[in-house]
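Asks:
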Amino acid sequence: MRILLIEDNTRLANALVEALTQAGFTVDCVHDGRSADYLLSTQDYALAILDLGLPQLNGLEVLRRLRHRRNPMPVMILTARGSVEDRVNGLNRGADDYLTKPFELSELKARARALIRRSLGHGSPGLRCGPLCYDGLSRIFALNDAPLALTRRERDVLEVLLLQGGRAVNKEALSEKIFGIDEMVNPDAIEIYVHRLRKKLEGSGVAIVTLRGLGYLLEASVQASPSPR
Numbered sequence: 001m002r003i004l005l006i007e008d009n010t011r012l013a014n015a016l017v018e019a020l021t022q023a024g025f026t027v028d029c030v031h032d033g034r035s036a037d038y039l040l041s042t043q044d045y046a047l048a049i050l051d052l053g054l055p056q057l058n059g060l061e062v063l064r065r066l067r068h069r070r071n072p073m074p075v076m077i078l079t080a081r082g083s084v085e086d087r088v089n090g091l092n093r094g095a096d097d098y099l100t101k102p103f104e105l106s107e108l109k110a111r112a113r114a115l116i117r118r119s120l121g122h123g124s125p126g127l128r129c130g131p132l133c134y135d136g137l138s139r140i141f142a143l144n145d146a147p148l149a150l151t152r153r154e155r156d157v158l159e160v161l162l163l164q165g166g167r168a169v170n171k172e173a174l175s176e177k178i179f180g181i182d183e184m185v186n187p188d189a190i191e192i193y194v195h196r197l198r199k200k201l202e203g204s205g206v207a208i209v210t211l212r213g214l215g216y217l218l219e220a221s222v223q224a225s226p227s228p229r
């Protein structure tokens, strides 16, 4: 899951990026409201974790602009402002959750997963494409009711394709969702993971299909067969 962390305290931000990355998230991080507003208007994220006391644009203005664009992405406010009035104001502006500092990392990660689950499946952690099942809580895939052994990057690629809900994703967009905007990775590396996944899905009834000019698509079929790169 790719999320955006917006926190002007660089020491705290670095610690949160490390913790969230270890928890399996792909994290982009910015330290001011104007950069956050730009990324939220040009990139897709599963969740934004938003501090309120930001330079250039404050957090509530970032949130207002996001909702004005009719973007339903879940937003968790993370701030030292813990009064009832502050919480009510944030929630009324369109936040989905509110966590005050100081906090436990375990709670932050649990709330982040819950918000993403709710936005994707109305509270249900399970997703399916034919015989392929995905548990959003454990991030485990099962194929024909048997656990599917995947490396971390294979799981990330398959997760993105499944969450697209039958829409094609090109290599560049897929690479960006997996590795983030700051990590310099050749998009062609995605072909390696797709090739490995096709072998593991071969003959199962679900396949990764190449749509020329559009990208990769995960689809269920009567009989899956490997597609050319």
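All the letters of the sequence shown, read from the start, carry residue numbers 1 to 229 under full-length UniProt numbering. Cβ atoms here follow ideal geometry from the backbone N, Cα and C, with glycine treated the same way.
#1: Can residue 60 and residue 93 be called in contact, C-beta distance under 7 Å?
#2: Spatial neighbours of residue 63 within its chain, please: CB distance less than 7 Å, with the 5 preceding and 5 following residues excluded, ordered by chain position.
#3: Note down the Cα distance separating residue 65 from residue 204, rounded to an integer number of angstroms.
#4: To the nearest angstrom, how far is it from the Cα of residue 1 to the Cα of residue 10?
#5: Just verifying my parser: in three-state terms, what is the DSSP assignment at residue 44?
#6: Considering only C-alpha positions, which residue in the set 107, 56, 194 is nearest to residue 175?
#7: Considering just the uninterrupted stretch of the alpha helix (DSSP H) at residue 167, what are its terminal residues?
#8: Where do the N-terminal and C-terminal ends of the alpha helix (DSSP H) with residue 7 fall, by residue?
#9: Measuring straight from C-alpha to C-alpha, what distance separates residue 216 and residue 192?
#10: Does residue 220 come out as helix, strand or coil in the three-state DSSP assignment?
#11: Can you pull the DSSP bridge partners for residue 190?
#12: Check the C-beta distance from residue 27 over to residue 5 and give it rounded, since I have them as a contact under 8 Å.
#13: Whose CA, out of 208, 188, 178, lies closest to the CA of residue 43?
#14: Which value, in whole angstroms, describes the spacing of the CA atoms of residue 146 and residue 80?
#15: Could you give the C-beta distance for residue 206 and residue 220, rounded to a whole number, given that I count them as a contact under 8 Å?
#16: Using 8 Å as the Cβ pair cut-off and three pairs as the minimum, do the stretch 28 to 48 and the stretch 144 to 158 touch?
#17: Assuming residue 99 and residue 78 are in contact, meaning their beta carbons sit under 8 Å apart, how far apart are those beta carbons, in whole angstroms?
#18: Using alpha carbons as the reference points, say which of 24, 106, 55, 47 lies closest to residue 7.
Replies: The structure says:
#1: Taking the sequence shown and counting its residues from 1, the one referred to as residue 60 is at position 60. Taking the sequence shown and counting its residues from 1, the one referred to as residue 93 is at position 93. Closer than 7 Å, so yes.
#2: As a working mapping, residue 63 is identified with position 63 in the sequence shown. Within the same chain, residue 63 has close Cβ partners 50, 75, 93, 94, 95.
#3: In the sequence shown, residue 65 corresponds to position 65, counting from 1. In the sequence shown, residue 204 corresponds to position 204, counting from 1. So the two alpha carbons sit approximately 44 Å from each other.
#4: Counting from one through the sequence shown, the residue named residue 1 turns up at place 1. Counting from one through the sequence shown, the residue named residue 10 turns up at place 10. Distance between the alpha carbons of residue 1 and residue 10: 22 Å.
#5: Within the sequence shown, the letter at position 44 stands for residue 44. In the structure shown, residue 44 sits in coil (DSSP, three-state: anything other than H, G, I, E or B).
#6: Reading the sequence shown from its first residue, position 175 is the one you call residue 175. Ranking the options by Cα distance to residue 175, first place goes to 194.
#7: Mapped onto the sequence shown, residue 167 falls at position 167. Per DSSP, residue 167 belongs to no alpha helix (DSSP H) and is neither H nor E.
#8: For the purposes of this step, residue 7 is taken as residue 7 along the sequence shown, with counting starting at 1. Note, residue 7: premise wrong, no alpha helix (DSSP H); not H, not E.
#9: Walking along the sequence shown from the start, residue 216 turns up at place 216. Walking along the sequence shown from the start, residue 192 turns up at place 192. Using only the alpha carbons, I get a separation of about 13 Å.
#10: Here residue 220 corresponds to residue number 220 of the sequence shown, with the count starting at 1. DSSP places residue 220 in strand when its eight states are reduced to three.
#11: Taking the sequence shown and counting its residues from 1, the one referred to as residue 190 is at position 190. Answer is none; residue 190 lacks a bridge partner.
#12: Translated into positions along the sequence shown, residue 27 becomes position 27. Translated into positions along the sequence shown, residue 5 becomes position 5. That pair is a contact at about 6 Å.
#13: In the sequence shown, residue 43 corresponds to position 43, counting from 1. Answer by Cα proximity: 178.
#14: Position 146 of the sequence shown, counting from 1, holds the residue named residue 146. Position 80 of the sequence shown, counting from 1, holds the residue named residue 80. Rounded to whole angstroms, residue 146 to residue 80 spans 45 Å at the Cα level.
#15: Start at 1 with the first residue of the sequence shown, and residue 206 comes out as number 206. Start at 1 with the first residue of the sequence shown, and residue 220 comes out as number 220. That pair is a contact at about 5 Å.
#16: no
#17: Locating residue 99 in the sequence shown gives position 99, where the first residue counts as 1. Locating residue 78 in the sequence shown gives position 78, where the first residue counts as 1. 5 Å between Cβ atoms; contact.
#18: Taking the first residue of the sequence shown as 1, we reach residue 7 at position 7. Checked all of 24, 106, 55, 47; the closest Cα to residue 7 is 55.
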